[in-house]
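Chemist: Let me begin by handing over the structure; questions about it come next.
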Amino acid sequence: MEASPKKSAENMATKIVAELLEKSIDKNLRTSASSMEINAVDYEQEVCVVCLDGLFGEIEKVNVTLGCGHVFHVECITNWLFRKNECPICKSKALVFDSRN
1 MEASPKKSAE
11 NMATKIVAEL
21 LEKSIDKNLR
31 TSASSMEINA
41 VDYEQEVCVV
51 CLDGLFGEIE
61 KVNVTLGCGH
71 VFHVECITNW
81 LFRKNECPIC
91 KSKALVFDSR
101 N
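Just so you know, the UniProt record's numbering puts 100 at position 100 of the sequence shown, and the rest follows in order with no gaps.
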């Protein structure tokens, strides 16, 4: 049984919004990651609060910093930001969307 035209349109709209959100998250995370250098010795946060794994010493996991200064694994924070546009630690707005782009 095929989905109704209305349901198909809703599914397509949801897919488009998800793709745009993913691109925006990726762009914003790359910008914040490249604009801040992290020194493990000087940094107090030792674990990613999303997955509770260590932030430093795991080469296969890339860390990014949000504008508030909190650090996360890129995969963890990307999944988090799909649900909530806020830092999981301080609740500040994580991504600012520019409606011109």
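Just so you know, even glycine gets a beta-carbon here, dropped at the ideal spot from N, CA and C.
Since I believe V50 is in contact with I77 (beta carbons under 8 Å), could you give me their beta-carbon distance rounded to a whole number of angstroms?
Modeler: 6 Å
Chemist: Would you verify that the beta carbon of V71 is, or is not, closer than 8 Å to some beta carbon of chain D?
Modeler: Given the protein chain composition of this structure (a single chain), no chain D is represented.
Chemist: So for F82, helix, strand or coil by DSSP?
Modeler: Here F82 carries a helix assignment [DSSP, helix/strand/coil].
Chemist: According to the neighbour-count rule (16 or more other Cβ atoms, all chains shown, within 10 Å of its Cβ), is V62 buried or exposed?
Modeler: The residue in question, V62, is exposed, as its Cβ has fewer than 16 Cβ neighbours within 10 Å.
Chemist: Out of curiosity, what's the CA-to-CA distance linking L52 and P5?
Modeler: Near 43 Å, if we compare the C-alpha coordinates of P5 and L52.
Chemist: How many angstroms separate the CA atom of E86 from the CA atom of A13?
Modeler: 23 Å
Chemist: In or out: F82 buried (at least 16 other Cβ within 10 Å) or exposed?
Modeler: Exposed: under 16 other Cβ atoms inside 10 Å.
Chemist: Please state if the CB of I89 and the CB of H70 are separated by a distance shorter than 8 Å.
Modeler: yes
Chemist: What's the gap between the Cα of I16 and the Cα of K23?
Modeler: 11 Å
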